[in-house]
Structure formats: structure tokens, C-alpha cells
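In order, the protein sequences belong to chains A and B.
No gaps in the numbering here: position 625 of the first sequence is 625 in the working numbering, and each next residue is one more.
No gaps in the numbering here: position 25 of the second sequence is 1025 in the working numbering, and each next residue is one more.
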Amino acid sequence: MRIVIDLQGAQTESRFRGVGRYSLSMAKAIITNSKDHQVIIVLSNLFPDTIEPIRAYFDKILSQEYIQVWYAPDPVLEQKTDKVSHRKITELMREAFIESLQPDIIYITSLFEGFGDAAVTSVGLFDTQTPVCITSHDLIPLQNPVLYLEPNDAYKKYYMEKLECLSKASLLLAISESSRQEVIDHINFPASLVINTSEAVESHFKPLFIADETKLELGLKLNIQQPFILYTGGADERKNLVRLIKSYASLPTKLRQEHQLVFAGKIPPINVLQLQTAAKKAGLKEHELRFTGYITDEELIQLYNLCKLYVFPSFHEGFGLPALEAMACGAAVIAANATSLPEVVGHTEALFDPFSQASISDKMTNVLTDEVLRQTLIKKGLKQAQKFSWDKSAITAIDEMEKTYLDSSGKPALSKYVLTRLLNTLLEKKLLNNHSDQQLYVLSQALANNHPKPRKKELFIDVSELVNGDAKTGIQRVTRSILNELLKNQPKEYNIKPVYATLTEQGYRYTQKFNLEASDIEDELIQARIGDIFIGLDLQHHVVCAQKNYLLALRNRGIKIHFVIYDLLPILMPQVFSVNAEQGHKDWLNVVTKFDTVMCISHAVEKELITWHQNQNIISHRGFQSDWFHLGADHHNVLPSLGLPKNTDDILGQLAIQPTFLMVGTIEPRKGHKQVLKAFERLWQEGIAINLAIVGKQGWMMEETNKKLKQHPELNKQLFWFEGISDEYLEKVYANSLCLIAASEGEGFGLPLIEAAQHNISIIARDIPVFREVAKSHAFFFKETDAEGLAKKIKQWLMLYGKNTHPKSGLMPWMTWQQSAQQLLTSLGIGGQIT
Amino acid sequence: MFIKEIIKLEKTIIHQCLFFINSFPRFKKIVVWVLKKSPKVRKRLIDKLIYRPTESVGRGEHTIKFKELTVDSRAIYLALKTEIEQQKRETNANSN
């Protein structure tokens, strides 16, 4: 059986109340008790901020592909359409989307959503075949029409429509025996199809040891200075809070002086004002009442554990979850003797008459002054709480759903051609006749998201820099090499799609640039769907930052998003970069570390990233995930640039006369050219006959060194500088060199070391983690930061070389680009060997 | 706020220019030559493009254009548009 759960009850404002908590807990318990059944969670895109926390909540128990998001035009953008049409369209879209998932039963955890927000719930408007199961939390407005329905016609109309939907359900779950009876009595639903599945508390609601330091911190944060009476829950009239305040005010003065009354959790400002006014009228002083505002679950559990007494005076509840939570945490609980609360609390000495101020006040006094009674309430409460469990609730619900499914399985399935049927319905009902082009665009986009055409999953490879300009740095070389491998050897389950974005337009587009066949097709926006993967391979800080919201929306839809990180150098060595570099890099890291996985190009970079991330305050609901892979080095796959200057033979001849030490890389402060040059000047002064060959373009912040190199007396004698030479020439320089000096103080990887190994020349490398990681024991390392120390090390190496005991690089392991691409995919859990 | 806008605009303009240049190989060769010859200019350009903070591009403030739809969305839009117009024509014909 496939159960599709509509979880809008955990997305709307209800998420701050018991209904939200119920929706999440019940869905979780259904998943963990589903056995052979398949569960799909359905969320609305109109509450984007709630999607990632919900995905995180189910992360360990449900594959993300089973959390589906459906799309509807945002009502804010739909102001020109009348609200009724908009709601009708959206209801049809929702039902069509759910039908396209081919459910055997649909379960709505909270039907009464959408008055005053963008949620929509309906039954049987489009899909008339699939049985629908709904949790009926209570019928409070129906039973208290004067309070809830009469003052507001719009709400009354809305409520009556929802009741009609409720009556169309195939199965109703009630959250208590009391609420079950309400449904049977008031909407005439067959009693056999209304099942009490009850509610429960999650296992982290339990008695805790709370250290004095934590108590102090919590007290300071929430402004609680003494023992306290606690209330948490809603603030509408039936919650009876004004009477609670009056009852508190009529406690004996000594008791009041010793106990504050704390209202924990988010209460609308208007209700807070009302309650403060009531307190003032009752003669209470400001410090006697505390409103904490929003608190975390952890804080709520601490408050339950720390309160002297928990009071729940509501005169109408569907269940009364806060009372059970408080009992489970070992709080002494007293509650109203009304509706479901006697079932929940379970013992009469904890009950009072909610309509009598004296009764509430007396019960509070009794518990606060009689420690034996208080301890009895605590013990009985803990025992009572154990009777309720989400597993029990879910197992009962699943059993009943199975029966309903079996009863309905003779009905024909209509899940084919859902989109066509939906378009026809919208047109037949003439719901779109007044739509502008703009509105039709938005609608069409939502429909395309809801009903994607069947196709193989796509692996989007971000090559924005290659498309937008190609800075031709090492990073673009990596991007090109990995992309080439992926295009040549596509993973079995995915089509590789190079994509790019710009600064000005939202969204990524497919690029035709890497198509093997020439094409004039314009670059289209990507149509991402659940199961696709995005890898930010190229580096364009600004574009990624500009596309942050788009990428977050993709992640909401269920597309996994990973980024490759090449280094943290602008943060770790800001002095060798420009002023803006550090902040720019931080901004970019702040964005990319919010997504699924960051892949570093070495273990050393990953360690640096983890250390950096630990000191940041980056909210990541599903936790920070990082890993690393190594780059490839088989450059024969890349077309080499050609060209040799006229004096090539002369120069190479000079290099061959005496041992040549080679440095490869742009002349930048971190690369260590200054130290190496000074060390060689010392060695030359000592009469040691060796050459220093520097291959690299002029970089930045090195004007003095560049000048020195150009005017050096040893230039073209023992010192050689090759600026911007071809790959062909570089090969020859390598062939005529004895040893590579890798003096860089910071690198993401260390490609020159591998190139040296490929040319079988020795390596002297600075002792930095990434060089150790790449070269292992195949290089001679130095830690010295001054010229004298380095000169000594070079002499030491020459002695070892003379005895042939120097580290040899020939056996140094390195990977091909194919292996590198495979390692990247494997680390990201992208299945299937690349073929 | 004003300065922030200017910075954002400046980066966008440079980016658009590069995009334009990239489409014309001759222009591109000249620009690449200049950048090669002048590391300072190259560095300044990289700074402006890469390291200035960028705000996320939003869709809330502007209307969507036809070309900003995906291929699938366009197909649905065209199907709906055609049918709606047909319906309107039929309604007009009937009322006449």
C-alpha cells in the first residue's frame, strides 16, 4: 500500500502549535511502522522556509526522494485573480499532484488549514477514487459557534466547506475518545469509521537532570527568577487564560510571592496585551507574570522539568498534548475537568472545574503547599504518560488504512494522463479565462514542476566560469578535465548536463558549448526534478551568491546540491590577497556550506574547512557534510599548447650543464619565490654550481621580486625565468631539470608535485599538510622559513643525491582524471560505475 | 544603500561586457592580450568580479518573461493560451 501524507499541518502557523507537532510525530511513527508499505510525504512550495526543516526531520528515516513538493501560484502574486478562483485552481492542482503519485490512500494530518494562509486542503474535487483518511483534531468552532463562527462570516463559510470535506473522507482518525464522540455526534459520520488513535509525546520529553548553570542561563534568558507555575499552549478564549490569571491572583500572597506564572511559547502580541491587561486589573505586578515568547523544544523540556506546577485550564480540547508532555517530563500537572483532559491526565485528584476561579485557585494552592500531593501527581503523571505512544497510534492508523484500502481496491484507478485531465478540468470550469499572460506563466511553471515529463535523472555540472569568460586558471583546467571525463563516460543512472548561470538572471541554463555536435539551439533554463543532482564544479563566487535563492529552491524541490572547494587561501592567508578577497571567499563559503555536501580537492583542505566551519554560525538543518577527492594528472588527455623560441637549444644546453632546480607556478607572495631566490644567492656565493629555473607568469604584489629577477646578475647564467611558455617548452624544461622546489606556503592540491613525479624528477617541498598528503614519502621536506635554513636543506639534499639516498618521486601514486571523476561521484554517493 | 547599489550595478555591467566580449573571438583575443600584459588590471578585474558581495537574484521584484520559462512550462502555457482563446472566440461567436 502506498500512503501519501499531506503534511501542510506542519507547514502553516499550526507548526507552532500541537497540530504541527502531531503532524510530524504521527507521520514519523507511520514511516517507522510502515513495514512493507511505502510512505510519501507531500509538502506545499508556498511555505518554502518550512521545507528544509521538515526534510531534515525525516532525513534518517525516509529517503529524500519520498518527500515531494507540489507547486502552486503564490496567492500574493495572484492578487488580480479573485480569491475563490485561485483557491479552486490550487485545490485541483494539489489533488492532481497527489493523484500523480498513484497513492492507495491519502492521509491529511490536519484538514482545517488555509484560512488566512496559502494552504489548501480538499477531498474528492479532482481525484474521486482514492480513499482519504483525515485526522479530526476537534470540532471546537462547531460546538462553540457564538465564539468562533458567528462573529466572522468568511470563517464560517470556510469552516462549513471543510466540514463537507471531512464528511467525504473514507476514514477519520480522532485524537481522543472525547473528540471521536464529537465527530460521531455532530457530523453524523459512521461510528465504525472514526477511530481513536490518540496522541503521544516524543521520547525526548522525559525527566532530565538539569545542571545549576543551565538553570541559571535559562532563568536569565527567559527572565524567570524564582520557582514558577507553567502554562504552555494556545491563547484563544477556550484556553481560559484570563481565568487562570485571576486564579493565580487569588492565591495566598505568600504563595504568589514565591511563584511566578510563566506563559511559555509563542503567543500573538494581541493576546499578550489582553492577558497583561487582565493581570493589571487583577492587581498583579509586572514581574509576577512572564511571557517567554518563542522557545526551542529543548528549552520547553527544561521548563517542564523545572516547573513546580503545570496548569492546563482549557475548557475544550481535542486532546491536550502539552499536559501529556509535562507529565512525561515529570511535572506535577493539574488540568480542567473537561472534554479530553480527564482521559489524558487520568486521575481525578489532578482535575478542577475550569469555569470556577475558586476551583482552579484551590487546586493550585493544594499542590503548591502539599509536597506529598505534588509528588503523587508527578508519579501518577509519569505512569499515565507511558500509556500513550506514537507507535501505538501509528500501528492502529495503518491497520485501519489497510482495511479502508482493501474496501476500496475495486475502484478503477485514474492516475493516467493526470496533467491532461487537470488542464481540461481547468478549461472546462473556465477558471483561467481572466488570467493574464503573467499569471498563466506562473501557473504553467507550477504545473511543469508538478508533472515533469519522464526522463533519465540529470547531473548538472556548473561550468559558469567556462561559459561566461573562462579565467583559464587551474580551476577551469580541473572543471574542463572532469567535465570531459563525465561526458565521455556518463554514469549509468544520469545524463550529464553542463549548466551555467549569470549575475543578472535567476536560474541555471543548459549550455550547448560542450555538445559534440554543433547546435544553434538557444540555451534553455534547466527543468530540474526530484532525484537530479547539481555539482558546483566551477568557481564563480559572485554567481553562486547571486543564485543562492534559486539553489535553495532547487534543494527544496529535492535536488541534491554539492559544491567543490579548491582552497581556503584567501581566508587563511589574507595578507597575500587583495582586501576584498577574504570577505568574498567567506560570503561564498557561507552559501555553499548550507547545501548537501562540500567536496574538497584534498584531505588537507577538508580539515581546514571543518576547522573554519566550526567557528561559524551557519544554520544547516541536515548537518554539515564534507568529503574530499584528489585531482587527476594525466595531461596527455588535454591538448598541449605548442611553440618553442629560437634560443631553446642554447637555454636547454645551459640547464643541462649543471644541476637545475625548477619552480613552477605564478609569481605570487605565497609561492615562496623570494625565499628560494635568496637561498640560491647564498649557495651561489658559496660557489655551489646549480641552476634555478623559474617557470611562471608575473602575479600580483610581487613587483619588487619581478624587478629583482629581471635585473639579476645571474640571469641567463645560473638563473632562468620562463614567462608564459608553451606546454611543449615546459616539457623540455622538466626533462632538463633535476629537482622541483615546491616552496608554496599554501595550496589546495599540489599538481606540480605530480607533474614532477611524472617526469621522474626529485622533489623538495615545503612541509605543509597538502604536500605531505600528495607526495607522501616521495619528497624531501623542509620547514625553514628563512633563506639560510633553506640553503642548508638544499645542500643536505645535494649530499643525499650524491649518495643516491634522496627520496625518489618515480613511484609517487597519482590519479587519472577518469579516476578523479569516479572518486568525486563515489564520494557523493552517485551510484553506478562510470562506463 | 546607494553605494551598495552602485557596486552591484558596476559588477553587473562588467560581467555583461565580458559575456559580450566572450561571444566575439577577435575582441576576446585583444582583451586576453591586455589582461596578460597587465597583471594589475587583471587582478583589479578579478577583485571587482569575484570578491565584491553580491545579493541573491530574486524573482519577486520583476515580472517573468516568456524566455524565462522552461521548455515544459512554455508547452503548457501555449496549450492553455490556445484553448482559452478558442473558448473566447466561441463565446463571442455564440453571443453574436
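Each residue gets a CB set at the ideal place from its N, CA and C atoms; glycine is no exception.
Quick caveat, the model's predicted, so the values are computed rather than measured.
Residue i: contacting residues in chain A (beta-carbon distance under 9 angstroms)
| i | result |
| --- | --- |
| B:V1071 | A448, E524, L525, Q527 |
Contact with chain A by residue i, beta-carbon distance below 8 angstroms
| i | result |
| --- | --- |
| B:I1084 | yes |
| B:P1053 | Unreliable positioning characterises B:P1053 in this predicted model, as indicated by a pLDDT of 49, which lies under 50. A coordinate reading is not provided. |
| B:I1030 | no |
| B:E1090 | no |
| B:A1079 | yes |
Residue i at chain B interface by Cβ criterion, 8 angstroms
| i | result |
| --- | --- |
| A:K674 | no |
| A:P645 | no |
| A:L427 | yes |
| A:E78 | Caution applies to A:E78, whose pLDDT of 47 falls short of 50 and renders its modelled position unreliable; the value that the coordinates give is listed next. Chain B, which has no Cβ nearer than 8 angstroms to the Cβ of A:E78, makes this no. |
| A:Q438 | yes |
| A:Q445 | yes |
Collapsed DSSP secondary structure at residue i in the structure displayed
| i | result |
| --- | --- |
| A:V201 | coil |
| A:P145 | helix |
| A:S578 | coil |
| B:R1059 | Interpretation of B:R1059 is limited by its pLDDT of 49, a score under 50 that renders its predicted location unreliable; the figure taken from the coordinates is listed afterwards. Note: B:R1059 maps to coil in three-state DSSP. |
| A:T396 | helix |
| A:Y71 | coil |
| A:M599 | strand |
| A:M327 | helix |
| A:W814 | coil |
| A:R455 | coil |
| A:I54 | helix |
| A:P252 | coil |
| A:F209 | coil |
| A:V418 | helix |
| A:T214 | helix |
| A:H562 | strand |
| A:P491 | strand |
| A:G536 | strand |
| A:Q260 | strand |
Contacting residues, own chain, Cβ-Cβ under 6 angstroms from residue i (five flanking each side not counted)
| i | result |
| --- | --- |
| A:E668 | G699 |
| B:P1053 | Residue placement at B:P1053 cannot be trusted, given a pLDDT of 49 that sits under 50; what the coordinates show is reported in the next sentence. If we look at B:P1053 and ignore the five residues flanking it on each side, it has no Cβ neighbours. |
| A:D127 | E95, E99 |
| A:A326 | Y304, Y310, V333 |
Cβ neighbours of residue i in the same chain (closer than 7 angstroms, five flanking residues each side left out)
| i | result |
| --- | --- |
| A:F115 | Y155, Y158 |
| A:S809 | A756, A757, N760, I761, S762, I763, H778, A779 |
Contacts of residue i in chain B (Cβ-Cβ under 9 angstroms)
| i | result |
| --- | --- |
| A:S44 | The contacting residues do not exist; A:S44 stays about 18 angstroms from chain B at best. |
| A:L423 | I1076, A1079, L1080, E1083 |
Where residue i meets chain B, residues with beta-carbon distance less than 8 angstroms
| i | result |
| --- | --- |
| A:P452 | D1072 |
| A:S198 | Within chain B, no residue comes near A:S198; the closest Cβ sits about 43 angstroms away, beyond 8 angstroms. |
Sub-8 angstroms separation of residue i and residue j beta-carbons
| i | j | result |
| --- | --- | --- |
| A:K497 | A:E458 | yes |
| A:R557 | A:F595 | no |
| A:A779 | A:A791 | no |
| A:E606 | A:W628 | yes |
| A:S179 | A:D138 | yes |
| A:I229 | A:Y248 | yes |
| A:V262 | A:I106 | no |
| A:N240 | A:P354 | yes |
| A:A282 | A:K246 | yes |
| A:A200 | A:S389 | yes |
Interface partners of residue i on chain B, CB under 7 angstroms
| i | result |
| --- | --- |
| A:V442 | I1064 |
| A:L432 | L1080, I1084 |
8 angstroms CB neighbourhood of residue i in its chain, flanking five on each side removed
| i | result |
| --- | --- |
| A:T705 | I667, H673, K674, L677 |
| A:L644 | S726, E728, Y729, K732 |
| A:A507 | A quick correction: the sequence has Gly, not Ala, at residue 507 of chain A. The residues are A501, L525, I526, Q547, Y550. |
| A:H562 | I533, F534, I535, G536, F595, D596, T597, V598, M599, L828 |
| A:P207 | N305, C329, G330, L382 |
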